[in-house]
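Enquirer: Below you'll find the structure I mean.
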Ligand SMILES: NC(=O)c1ccc[n+]([C@@H]2O[C@H](COP(=O)([O-])OP(=O)(O)OC[C@H]3O[C@@H](n4cnc5c(N)ncnc54)[C@H](OP(=O)(O)O)[C@@H]3O)[C@@H](O)[C@H]2O)c1
């Protein structure tokens, strides 16, 4: 049950100078609600962009350079070790294991994911880290929810749920 959760612009940008290039409080709420209580896997640079470990969930940070005893997180040396650790935590239950970025981790994890929850921000944005392309041959959109521009959100966005297509749906 490996799922990816991301926010990206229409030109696939997810980050700029080690941070998010936007401030969308309702999308952050959606992220926190979706991942609460579940193991969350992230790269070292994404962890460094947070003020503190995400509360009420196990933070698993993939890094070859961080001290293993870093407070409040589990540090592992590879994506595979992160998935193995998360699987032990969920212990065969249907609790999803979330991949929360950044670019390096999304790219490495995409082949193993069954679901992508993408917040598509309706803008072209400058940045230096991208989300990999979602190939429509392999991923089907199953649900979406629009959030308009309002006084707290200067950009509109749509949250989209994609699921991996069963092999029999692929064109021959
Ligand atoms: N929009 C979104 O939804 C979203 C979500 C998350 C992050 N972001 C943004 O994305 C940017 C960060 O992404 P990024 O690609 O630069 O960095 P990242 O994926 O967060 O972290 C990269 C680091 O993770 C470790 N790592 C990655 N793959 C590894 C592997 N296969 N084996 C071992 N270690 C591995 C390495 O750490 P060591 O160098 O310590 O070995 C590497 O330097 C930031 O701007 C952040 O704000 C956006």
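Residue numbers (our numbering): 130 to 301.
Note that the Cβ used here is the ideal one computed from N, Cα and C, for glycine as well.
(1) With a CB to CB cut of under 6 Å and the five nearest residues on each side skipped, what residues in its chain are close to residue 285?
(2) Hey, residue 290 and residue 244: beta-carbon distance below 8 Å or not?
(3) Pick out whichever of 227, 200 and 201 has its Cα sitting closest to the Cα of residue 213.
(4) Pick from 231, 224 and 171: whose alpha carbon is nearest that of residue 258?
(5) Does the Cβ of residue 188 have 16 or more other Cβ atoms within 10 Å, making it buried, or fewer, making it exposed?
(6) Starting from the Cα of residue 271, find the closest Cα among 281, 246, 240 and 264 and give me that residue.
(7) How far does the beta strand (DSSP E) with residue 133 in it reach, from first residue to last?
Expert: Looking at the coordinates:
(1) Here the set comprises 251, 277 and 278.
(2) yes
(3) 227
(4) 231
(5) buried
(6) Comparing Cα positions, the closest option is 246.
(7) 131 to 138
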